[in-house]
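Line by line, the protein sequences are chains Z and W.
Each position in the first sequence, counted from 1, maps to that position plus 371 in my numbering.
Each position in the second sequence, counted from 1, maps to that position plus 371 in my numbering.
Glycine residues also receive a C-beta, built at the ideal position from the N, C-alpha and C atoms.
2 protein chains.
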Amino acid sequence: MPIERRPLREQIREELLARIDRGDFVAGTDINEAALAGELGVSRTPLREALITLAGEGVLESNQGRGFRFAPVSRKEFRELCEILAALEVLALDSSDPAHLRRVAPELLRLAREFPDRVAEQQVIERHDDEWHDLLLSGCRNERLLDLITSVKAGLRRYAHVLAGDETPLEREAAEHRRVAELLLAGDHDQAAQALRDNWVNGMERMVARIPSAG
Amino acid sequence: MPIERRPLREQIREELLARIDRGDFVAGTDINEAALAGELGVSRTPLREALITLAGEGVLESNQGRGFRFAPVSRKEFRELCEILAALEVLALDSSDPAHLRRVAPELLRLAREFPDRVAEQQVIERHDDEWHDLLLSGCRNERLLDLITSVKAGLRRYAHVLAGDETPLEREAAEHRRVAELLLAGDHDQAAQALRDNWVNGMERMVARIPSAG
DNA sequence: ATGTGATATTTTGTATTCAGAATTCATAGT
DNA sequence: ACTATGAATTCTGAATACAAAATATCACAT
């Protein structure tokens, strides 16, 4: 097996995203490069490379002379990201191999049915949700689109811990996933795409109220 | 008036994109950082920052230990980018203020009518096309989406000089822009969105044949 | 002539250093 | 007491230095 050899900047980027998932950082706070680099055990150079990448993805903001800060969360941006992802995932579904979709539909259905119980911890739920979406898009042949979706979803990660702990929406989420899977199983592609869009829009409206924001 | 003070990495990024527009670089070629930095009169540090940003946008590729290279062009990727941009611009149109759209429709129509003559040079045509699209999306309130569109369009710039010199499609392009503008003027939002999508798809098919590619 | 292996060179990836901008702190003046 | 001014400090942005990996060169054997 080939041992993993990836640029430090990528590892750092993922570590930072993982920490964002864990809610380690407060949105709006600015980053002290030297301190963070020391904490991670790397030099400022690859750290800054990772920060620049994350700024390009909208996870961070940068101001001349003032360095980087965790982009503040807002209801407006959350809606914007959800709308973008709805459109992109629907496009990905349109760009998918129909045969492949039919093939994975049973698995999608199974995953949707065994949606984690409400007592499960947030981490498990998120991982499960990601797994479902990954499988859904696994037949998309538009590689640039898949990259783009991954990148935009990085921006959504900042909202994960804000939204953690809300249990009621899970049942609906599961139901909607089930519905998408069933429509794919039945071969009704257009309806499945519509259901997927609904899932994003409903999810958005369900969650947006929990975001502390002026907008 | 405030003096312009922007990070070097951004200026470098734009300079590189401008050179790509001019066709200065051959796709697939790898970049010698020291040489390019010297040519630009900057050090490797901000140059690498710009390269990393461009790699995140898909303009460049990076391989561990092997540095950066200009991402090769392909018909497949060109189609992928056009499909993505079609979806994103349609979404942007949906997210636009209808009143604003009606307000700018006459200007859009005027721009479409005075589409540069076929004798105009490529640069002029591109700038004109960009201007039209910028105005079209000027009422979009989804800021993240506008950023994303800009970023994805950077990837398309690599195809500009490949496609330069083809004059016949221009008339159709102008006609389609005119059609979008007319539909907006009439307030028929849905039809305008559909026409915009058609413009992307038709444009894509018109141009894809000119791309030298195995795919 | 061709392939192989050792060595030299180049180039990247990362660390460190340096200069200048932003911020903080202290002090003087009102 | 409060504001304004200026020095000290901290931090970023950029340049330089260094180490390791990749590539090129060349000698040598087949």
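Z/Glu502 touches chain W at which residues, Cβ-Cβ below 9 Å? Going along chain W, no residue has its Cβ under 9 Å from Z/Glu502, so there is no contact; the nearest lies around 24 Å.
Three-state class that DSSP yields for W/Gly586 in the structure shown: For W/Gly586, the pLDDT reaches just 49, beneath the cut-off of 50, and the residue's location in the model is therefore unreliable, leaving the point undetermined.
Going by Cα to Cα distance, which pick from W/Arg512, W/Leu541, W/Leu556, W/Arg549 is closest to W/Met575? Residue W/Leu541 is the option with its Cα nearest to W/Met575.
Quick one: Cα of Z/Val475 to Cα of Z/Arg498, how far? Between Z/Val475 and Z/Arg498, the C-alpha separation is close to 18 Å.
Please report how far the alpha carbon of Z/Leu407 lies from the alpha carbon of W/Ser433, in whole angstroms. Between the alpha carbons of Z/Leu407 and W/Ser433 lies a distance of about 25 Å.
8 Å is my cut-off, CB to CB: does Z/Gly399 come that close to chain W? Chain W contact via Cβ: absent.
Using the Cα positions of W/Glu410 and W/His532, report the straight-line distance between them to the nearest angstrom. Straight-line Cα distance between these residues: approximately 22 Å.
Please state the DSSP three-state secondary structure of Z/Glu385. Z/Glu385 falls in the helix class under three-state DSSP.
Chain W residues whose Cβ lies nearer than 9 Å to that of Z/Ser466: The CB of Z/Ser466 comes closer than 9 Å to the CB of Glu451, Glu454 in chain W, given here in chain order.
On the criterion of 16 or more Cβ atoms from any shown chain inside 10 Å, does Z/Asn513 qualify as buried, or is it exposed? Result: buried.
For W/Pro378, decide whether its Cβ has a neighbour in chain Z, counting only Cβ atoms nearer than 8 Å. At least one chain Z Cβ lies under 8 Å of W/Pro378.
Cβ pair count under 8 Å reaching 3, the stretch 387 to 407 of chain W against the stretch 561 to 576 of chain Z: Judged by pairs of C-beta atoms under 8 Å, the stretch 387 to 407 of chain W does not touch the stretch 561 to 576 of chain Z, as fewer than three such pairs exist.
6 Å Cβ shell around Z/Ile496 - same chain, five flanking residues per side excluded: Around Z/Ile496, the same chain offers Pro487 as residues with beta carbons nearer than 6 Å, after the five sequence neighbours per side are excluded.
Beta-carbon neighbours of W/Gln435, restricted to chain Z and to distances below 8 Å: In chain order: Arg376, Arg377, Pro378.
What is the DSSP secondary structure of Z/Asn434, counted as helix, strand or coil? The three-state secondary structure of Z/Asn434, taken from DSSP, is strand.
With Z/Asp505 as the anchor, note down where its alpha helix (DSSP H) starts and where it stops. It spans 493 to 507 - the alpha helix (DSSP H) in which Z/Asp505 sits, taken as one unbroken run.
Which partner residues does W/Phe439 have in the DSSP bridge list? Residue pairing by DSSP places W/Phe439 opposite W/Ser433 in a beta bridge.
On the CB-based measure, 16 or more other CB atoms within 10 Å of its CB, does Z/Glu428 come out buried or exposed? So Z/Glu428 counts as buried.
For W/Asp401, which of helix, strand or coil comes out of DSSP? Of the three classes helix, strand and coil, the one that applies to W/Asp401 here is strand, per DSSP.
Between the C-alpha atoms of W/Arg377 and Z/Trp503, what's the straight-line distance to the nearest angstrom? Using only the alpha carbons, I get a separation of about 42 Å.
My output table needs one value for Z/Ser414: the three-state DSSP class, helix, strand or coil. Judged by DSSP in its simplified three-state form, Z/Ser414 adopts coil rather than helix or strand.
Which whole runs of the alpha helix (DSSP H) in the stretch 529 to 561 of chain Z are 4 residues long or more, in chain order? For the stretch 529 to 561 of chain Z, whole alpha helix (DSSP H) runs of length 4 or above, ordered along the chain, are 531 to 534, 540 to 556.
Any idea what DSSP makes of Z/Ser467, helix, strand or coil? Per DSSP, reduced to three states, the secondary structure at Z/Ser467 is strand.
Rank W/Ser445, W/Phe439, W/Ala405 by C-alpha distance to the C-alpha of W/Arg328 and give the top, closest one. This structure leaves residue 328 of chain W out entirely; chain W is present only between 372 and 586.
Going straight from the alpha carbon of W/Pro583 to that of Z/Lys447, what length do you get? One alpha carbon belongs to W/Pro583, the other to Z/Lys447, and they sit about 43 Å apart.
Can you give me the C-alpha to C-alpha distance between W/Glu420 and W/Arg380, rounded to a whole angstrom? Spanning the two alpha carbons is a distance of roughly 6 Å.
Z/Gln494 versus Z/Cys453: straight-line alpha-carbon distance, rounded: C-alpha separation (whole angstroms): 20 Å.
Inter-residue spacing [alpha-carbon to alpha-carbon] between Z/Leu462 and W/Ala458: In this structure, the alpha-carbon of Z/Leu462 lies about 7 Å from that of W/Ala458.
Using beta-carbon positions only, say whether W/Leu556 and W/Leu464 come within less than 8 Å of one another. Their beta carbons are not under 8 Å apart, which means W/Leu556 does not touch W/Leu464 by this criterion.
8 Å is my cut-off, CB to CB: does Z/Thr521 come that close to chain W? Not one chain W Cβ lies under 8 Å of Z/Thr521.
Would you say Z/Gly409 faces chain W, with C-beta separation under 8 Å as the test? So, not an interface residue.
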